[in-house]
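Heads up: the structure comes next, in structure tokens.
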Amino acid sequence: MEKDTSFSALDISEKLIEKLLLNNITTPTAVQSQVIPTIATGKSLLFQSETGTGNTFAYLLPLITKIENDANPTKAIKLLVIAPTIELASQIKTQVQLITQVKSTLIVGGAPIKRQIENLKEKPAIVVGTPARLLELFHLKKLKLEYINAIVLDEVDRLISPELRDYTLDLLNAPKKDI
Numbered sequence: 105m106e107k108d109t110s111f112s113a114l115d116i117s118e119k120l121i122e123k124l125l126l127n128n129i130t131t132p133t134a135v136q137s138q139v140i141p142t143i144a145t146g147k148s149l150l151f152q153s154e155t156g157t158g159n160t161f162a163y164l165l166p167l168i169t170k171i172e173n174d175a176n177p178t179k180a181i182k183l184l185v186i187a188p189t190i191e192l193a194s195q196i197k198t199q200v201q202l203i204t205q206v207k208s209t210l211i212v213g214g215a216p217i218k219r220q221i222e223n224l225k226e227k228p229a230i231v232v233g234t235p236a237r238l239l240e241l242f243h244l245k246k247l248k249l250e251y252i253n254a255i256v257l258d259e260v261d262r263l264i265s266p267e268l269r270d271y272t273l274d275l276l277n278a279p280k281k282d283i
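When you line the sequence shown up against my numbering, it's residues 105 to 283, in that order.
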């Protein structure tokens with residue numbers, strides 16, 4: 105008997121599955137089939153996959169499903185995705201917008217900080233950004249991380265490189281609540 109490899113078998117929300125279908129994404133990739141069930145249980149996970157194999161959706165789909173199904177929704181950041189570059193953070197934010205209406209924002213250096221502060225006042229559930237700007241806004245008390253359910257380190261090898269290590273570690277140590 106062959107294992108069912110559908111998104112519904114992976115307990116992805118129907119709203120997300122509909123959005124995937126609208127974008128001609130009908131079947132989970134190998135990495136998605138392996139990663140989604142583990143992330144859905146709330147376990148921490150380190151995985152590696154080639155570019156273009158669906159690794160962004162591998163973590164976004166179960167985490168957004170959890171946000172959408174939250175019985176006690178609060179107007180607070182639930183998911184923080186940290187990326188090493190503005191380009192990658194922008195791509196991730198685009199992927200978020202492709203599949204959900206959940207409020208999200210992009211926080212990166214090089215963009216006007218006042219606009220980013222205004223975006224944070226709109227209480228996004230998902231924040232995607234680069235470590236230095238995220239940490240700067242945290243220190244300014246504009247980025248509140250106490251209700252975070254998950255933190256994703258996309259391209260963790262680059263996030264712990266000498267140039268970004270201190271920002272990343274300070275940011276990971278910033279939340280007030282245990283994750």
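Where is the CB? At the ideal position from N, CA and C, for every residue including glycine.
Every value quoted in this text rests on a predicted model; they were computed, and no experiment measured them.
Exercise. Can you tell me whether DSSP reads I211 as helix, strand or coil?
Worked result: strand
Problem set entry | Cβ pair I186, T133 closer than 8 Å | no
Exercise. Quick check: the region 177 to 191 against the region 220 to 231, are there 3 or more CB pairs under 8 Å?
Worked result: yes
Exercise. Are V212 and A193 close, meaning C-beta to C-beta below 8 Å?
Worked result: yes
For this session: Answer with buried or exposed for K197, where buried requires no fewer than 16 other C-beta atoms within 10 angstroms of its C-beta.
Result: buried
Problem set entry | L67 vs T234 beta-carbon contact at 8 Å | The requested residue 67 is not part of the displayed model; the chain covers only 105 to 283.
Exercise. Cα separation between L276 and L149?
Worked result: 15 Å
For this session: Helix, strand or coil for L257, going by three-state DSSP, please let me know.
Result: strand
Problem set entry | Expected contact under 8 Å - CB spacing of A215 and F242 to nearest Å | Not really, about 16 Å apart at Cβ, beyond 8 Å.
Problem set entry | Of the listed residues A254, F151, E240, nearest to I217 (C-alpha basis) | E240
Exercise. Given a threshold of 16 other Cβ atoms within 10 Å of its Cβ, counted over all protein chains shown, does D258 qualify as buried or as exposed?
Worked result: buried
For this session: Specify the secondary structure class of L150 as computed by DSSP and reduced to three states.
Result: coil
Problem set entry | Uninterrupted beta strand (DSSP E) stretches inside the region 185 to 240 (no shorter than 3 residues) | 208 to 211, 230 to 233
Exercise. What residues in its chain sit with their C-beta under 7 Å from that of V200, if we drop five residues either side in the sequence?
Worked result: L164, S208, I230, V232
Problem set entry | For L247, the three-state DSSP class (helix, strand or coil) | coil
Exercise. Mapping DSSP to helix, strand and coil, what is L183?
Worked result: strand
Exercise. With distances taken from CA atoms, which of L125, Y251, K248, F111 is nearest E140?
Worked result: The residue asked about is misnamed: residue 140 is Ile in this sequence, not Glu. Closest by alpha carbon: F111.
Problem set entry | Local Cβ density within 10 Å of K225, reported as buried at 16 or more and exposed below that | exposed
For this session: Can you tell me which of the three DSSP states I121 falls into?
Result: helix
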